[in-house]
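Okay, structure first, notes after.
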Amino acid sequence: MIEVSDRNPSPPVVTDAGPDAESGRGLMLVQALSKEWSYYFPPSGGKTIYAVISADELASTPGRTTQEERP
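Below you can see the structure in the form of structure tokens.
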């Protein structure tokens with residue numbers, strides 16, 4: 635599990651970044667690489683986004699190789 639917190643109280647939004655965009659792909663990558671992800675609002679304020687990443691899922695992603703498969 636990976637958690638990232640910030641002080642912004644707005645919920646995270648997955649955007650469709652254009653090919654020339656220099657930002658806006660973070661949650662798209664989190665969504666693509668994680669088993670699940672969500673967020674919550676801690677009592678101290680802001681928000682915390684978390685993602686659960688499974689090594690099995692990463693190994694079965696097309697185009698990815700595991701440590702054992704590398705030359």
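Note that this note's numbering has the sequence shown beginning at 635, numbered continuously upward.
Quick reminder that beta carbons are idealized off the backbone N, C-alpha and C, glycines included.
Which same chain residues end up closer than 6 Å to residue i when comparing Cβ atoms and leaving out the 5 residues on each side of it in sequence?
| i | result |
| --- | --- |
| Trp671 | Val664, Ala685 |
Rank the options by C-alpha distance to the C-alpha of residue i and give the top, closest one.
| i | options | result |
| --- | --- | --- |
| Val648 | Ala689, Pro676, Ile683, Ile636 | Ile683 |
| Ser644 | Tyr673, Pro653, Gly660 | Tyr673 |
| Ile636 | Asp654, Leu661, Glu656 | Leu661 |
| Ser639 | Asp654, Gly679, Pro653 | Gly679 |
Below 8 Å on the Cβ atoms is my guess for residue i versus residue j; work out the distance and round it to an integer in Å.
| i | j | result |
| --- | --- | --- |
| Tyr675 | Lys681 | Strictly speaking, residue 675 in this sequence is Phe, with Tyr absent from that position. Indeed, because the Cβ distance is near 5 Å, the residues count as touching under 8 Å. |
Could you name the residues of the same chain whose beta carbon sits closer than 7 Å to that of residue i, not counting the 5 residues immediately before and after it, in chain order?
| i | result |
| --- | --- |
| Gly658 | Thr649, Ala651 |
| Ile687 | Ile636, Leu667, Ser668, Lys669 |
Within the continuous beta strand (DSSP E) that includes residue i, where are the two ends?
| i | result |
| --- | --- |
| Ala655 | No beta strand (DSSP E) holds Ala655; DSSP gives it neither H nor E. |
| Val638 | 636-640 |
| Ala685 | 681-686 |
Tell me the residue span of the alpha helix (DSSP H) that contains residue i.
| i | result |
| --- | --- |
| Val708 | Residue coverage of the chain in this structure runs from 635 to 705, which leaves residue 708 outside it and unanswerable. |
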